[in-house]
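Quick notes on the structure that follows.
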Amino acid sequence: MSALLTVDRVVKRFGGVAAVDGVSFTLDAGSVLGLIGPNGSGKTTLLGVLAGTHEPTSGTVTLDGKVASGKGAHRAVHAGIARTFQTTRLFGSWTLREGLRLAHGERRGRQAWSDDRLADLLGLDGLLDQPCASLTSAAQRLAMIALALATGPRVLLLDEPAVGMDTAEAAALADAVRRAADELDVAVVVVDHNMQFLMPLADTVLVMAAGAVLAEGTPEQIRADEAVIASYLGEA
1 MSALLTVDRV
11 VKRFGGVAAV
21 DGVSFTLDAG
31 SVLGLIGPNG
41 SGKTTLLGVL
51 AGTHEPTSGT
61 VTLDGKVASG
71 KGAHRAVHAG
81 IARTFQTTRL
91 FGSWTLREGL
101 RLAHGERRGR
111 QAWSDDRLAD
121 LLGLDGLLDQ
131 PCASLTSAAQ
141 RLAMIALALA
151 TGPRVLLLDE
161 PAVGMDTAEA
171 AALADAVRRA
181 ADELDVAVVV
191 VDHNMQFLMP
201 LADTVLVMAA
211 GAVLAEGTPE
221 QIRADEAVIA
231 SYLGEA
């Protein structure tokens, strides 16, 4: 069986600088890829390429055998790629339920959870009818993930989802992401600096440095990789 998501030698240049430099990997449905590396290593730019925000300078991203790169963010959502951002992006005056109903319109026939099930999954019970601006910072981050899942994605891209969360909140988030991957067969790419959150969650970890892939393997292999320890994990 072929991979759900294939990233093939993707390069993204800004002027003369290669923010992403020849990155390749594959991702199966239901699996979680952790994407780590120092600040400025190209992780967020790579997410932008996957999400359609950035058109690759060269290389391709294919989803279920069809080219998904270079077509814009809106078409990427229609194709089944949803993304959250490091900074909170919500309609503050809208209730979460109103936002979810709008997001459901992007499903294009794909499977998605109901509002109540999403709220239960992400610990947002009782908050569906509150304005998003009234939610705590952690709840707003969870609400962004709920909105992304409401589109019925095949691939979910999470940019620093656990930032600002305490240990218990991050653990609950990891459980929710794993359930989404398992129960909806969603492939997940997670960028996060919180190794206590990310390493138990990820099936595979890809380490970037200076725009390129430094290492790829299981969490155990990455923890033991001397080059990764020297360039990144040793800084923690």
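Residues in the sequence shown are numbered consecutively from 1, following full-length UniProt numbering.
Where is the CB? At the ideal position from N, CA and C, for every residue including glycine.
**OP:** Work out the CA separation of S114 and R101 for me, nearest whole Å.
**Re:** 10 Å
Original post:
Using DSSP with H/G/I as helix, E/B as strand and the rest coil, what is residue 239?
Top reply: The first residue shown for the chain is 1 and the last is 236, placing residue 239 beyond what the model contains.
Subject >> Local Cβ density within 10 Å of P200, reported as buried at 16 or more and exposed below that >> reply: exposed
Subject >> Rounded separation between H104 and L118 - CA only >> reply: 12 Å
**OP:** Answer yes or no: do V189 and L90 have a C-beta to C-beta separation smaller than 9 Å?
**Re:** no
Original post:
Are the segment 75-93 and the segment 151-159 touching by the rule of at least three beta carbon pairs closer than 8 Å?
Top reply: yes
**OP:** Report yes if the CB atom of L149 is closer than 9 Å to the CB atom of A180, and no otherwise.
**Re:** yes
Original post:
Based on the DSSP secondary-structure assignment, which residues constitute the bridge partners of V188?
Top reply: V32, L156
**OP:** Alpha carbon to alpha carbon, how far is G52 from A224? Give it in angstroms, no decimals.
**Re:** 34 Å
Original post:
Secondary structure at A162, three-state DSSP: helix, strand or coil?
Top reply: coil
**OP:** For the segment 68-153, list the alpha helix (DSSP H) runs that are entirely contained and at least 4 residues long, ordered along the chain.
**Re:** 73-79, 96-104, 115-121, 137-150
**OP:** Give every residue of the same chain whose Cβ lies closer than 6 Å to the Cβ of S137, excluding the five residues on either side of it in the sequence, and list them in chain order.
**Re:** G164
**OP:** Pick helix, strand or coil for G48, following the three-state DSSP scheme.
**Re:** helix
Original post:
So what does L5 bridge to, in DSSP terms?
Top reply: L27, L63
Original post:
Bridge partners of T204, per DSSP?
Top reply: L33
**OP:** Quick one: give me the first and last residue of the beta strand (DSSP E) that R216 is part of.
**Re:** With the sequence shown as reference, residue 216 is identified as Glu, and Arg is not the correct amino acid for it. E216 -> beta strand (DSSP E) spans 212-217.
Original post:
Sorted by chain position, which residues of the same chain lie with C-beta nearer than 8 Å to V67's C-beta, five sequence neighbours on each side aside?
Top reply: T60, V61
**OP:** Answer yes or no: do V32 and V213 have a C-beta to C-beta separation smaller than 9 Å?
**Re:** no
**OP:** Under the assumption that D21 contacts G211 (Cβ atoms under 8 Å), give the Cβ distance between them as a whole number of angstroms.
**Re:** 4 Å
Subject >> Beta-carbon contacts of V11 that lie in its chain and below 7 Å, excluding the five residues immediately before and after >> reply: A18, V20, D21, G22, P56, T57, S58, G59
Original post:
Can you tell me whether DSSP reads S231 as helix, strand or coil?
Top reply: helix
**OP:** Just tell me which of L206, H54, H78 has its CA closest to the CA of P38.
**Re:** L206
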